[in-house]
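In what follows, a single structure is set out as structure tokens and then discussed.
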Amino acid sequence: MKKRETVEFPTKYILSILTIICVICIVLSLVNDDFGRPVKNAVATVVVPVQDGMNSVGKWMAGKSDTLKELSDVMSENKKLKKQLEKLKEENTALLLNNNKVEDLQKLLELDNKYSTYNKVAASVISKEPGNWFSSFTINKGSKDGIKVDMNVIGNGGLIGIVTAVGKNYSTVRTIIDDSSNVSAQFSTTSDTCIVEGDLKLINDGILYISNIKKDVKIADGDMVVTSNISDKFLPGIMIGYVKDISNDSNNLTKSGHITPIADFAHIEDVLVITDLKTNMEE
Numbered sequence: 347m348k349k350r351e352t353v354e355f356p357t358k359y360i361l362s363i364l365t366i367i368c369v370i371c372i373v374l375s376l377v378n379d380d381f382g383r384p385v386k387n388a389v390a391t392v393v394v395p396v397q398d399g400m401n402s403v404g405k406w407m408a409g410k411s412d413t414l415k416e417l418s419d420v421m422s423e424n425k426k427l428k429k430q431l432e433k434l435k436e437e438n439t440a441l442l443l444n445n446n447k448v449e450d451l452q453k454l455l456e457l458d459n460k461y462s463t464y465n466k467v468a469a470s471v472i473s474k475e476p477g478n479w480f481s482s483f484t485i486n487k488g489s490k491d492g493i494k495v496d497m498n499v500i501g502n503g504g505l506i507g508i509v510t511a512v513g514k515n516y517s518t519v520r521t522i523i524d525d526s527s528n529v530s531a532q533f534s535t536t537s538d539t540c541i542v543e544g545d546l547k548l549i550n551d552g553i554l555y556i557s558n559i560k561k562d563v564k565i566a567d568g569d570m571v572v573t574s575n576i577s578d579k580f581l582p583g584i585m586i587g588y589v590k591d592i593s594n595d596s597n598n599l600t601k602s603g604h605i606t607p608i609a610d611f612a613h614i615e616d617v618l619v620i621t622d623l624k625t626n627m628e629e
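Laid out in structure tokens, this is it:
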């Protein structure tokens, strides 16, 4: 079978023909607008939708870019505001602590003036026994500062306790709320004596037990209780608290009840140690 021959048309001729056709079309479109209009319409039918689509995509991407930039700016501003807020919180906390410190020192100054006849040394609490209450704690003053055992400690407006141990640069204080504490006291209105007993359970209700009150003593809720002059360790006239709920005992010979301490035994930071010992004053 004889192979069919194919006719090949030179490529350069094709290109030349196409070029001539394009030139003729250009010339005709310049001479006559109607000639190029169908071509333009056909091209526009294809190109315009593509351009619209590209424009829409471009606008969408530009919008997203602006949104991302705005979001980045907002996040950056939010981060700055958080830092500023944290700084303000720290400054506010420091200011509150300073204000509390100033108030405590002001109360100590008032207490110092109230008991101006006694010599005193200011001290700060550096540690305490475990628990919510300051039943026993350590201060930053000791024998080198003139502190001795049995010296009275005041603060928060009234009696805190007594020094029980002394080191060179520290001392231990047992407060009047401790279970082992007993303070000989008296009523400021009548001078009749009583005993204020420490009780770590009662202090949870904000009170202490008071006993050994004579039956015929005329006292009422709110009367002031102070240290008595017959105490062997506590100096006289130091405020302890206010009478609360006094009633007759079962023996029908004495009364007992409670007092609300003046000092806040949940928050003690600074105190005054009275360096005058009761034994020295009696001598």
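For the sequence shown, the tail end lands on 629 under the working numbering, and the numbers increase by one without skipping.
A virtual CB, placed ideally from N, CA and C, is assigned to each residue, including glycine.
Beta-bridge annotation (DSSP): Met-570 is paired with Tyr-588.
The beta carbon of Asp-567 lies closer than 6 Å to those of Val-589, Lys-590 in the same chain, with the five residues before and after it left out.
The Cβ atoms of Leu-554 and Ile-605 lie closer than 8 Å to each other. About 5 Å separates the beta carbons of Lys-624 and Lys-579, which is inside the 8 Å limit, making them a contact pair. If you look at Ala-468, you'll find it in the beta strand (DSSP E) that goes 466 to 474. Here the alpha carbon of Thr-600 sits roughly 34 Å from the alpha carbon of His-613. When the Cα atoms are used, Ser-530 and Thr-510 turn out to be separated by approximately 17 Å. Between the segment 453 to 471 and the segment 487 to 506 there are three or more C-beta pairs closer than 8 Å, enough to call the two in contact. Burial check for Val-369: the Cβ neighbour count within 10 Å stays below 16, so the residue is exposed.
For Lys-425, the three-state secondary structure derived from DSSP is helix. Annotation: Thr-539 to Val-572 spans about 9 Å, alpha carbon to alpha carbon. The three-state secondary structure of Glu-449, taken from DSSP, is helix.
Counting along the chain, Asp-616 sits inside the beta strand (DSSP E) bounded by residues 616 to 620.
One Cα belongs to Ser-602, the other to Ser-473, and the distance between them is close to 34 Å. Taking C-beta separations shorter than 6 Å and ignoring five residues to either side along the sequence, the partners of Asp-525 in its chain run Gly-544, Leu-546, following chain order. Secondary-structure assignment with DSSP links Gly-501 through a beta bridge to Gly-504. Ile-608 and Leu-434 have their C-alpha atoms roughly 35 Å apart.
Contact check for Met-585 against Gly-503 passes: the beta carbons are separated by less than 8 Å. If you look at Leu-599, you'll find it isn't in any beta strand (DSSP E); DSSP assigns it neither H nor E.
Secondary structure at Tyr-359: helix, using DSSP grouped into helix, strand and coil.
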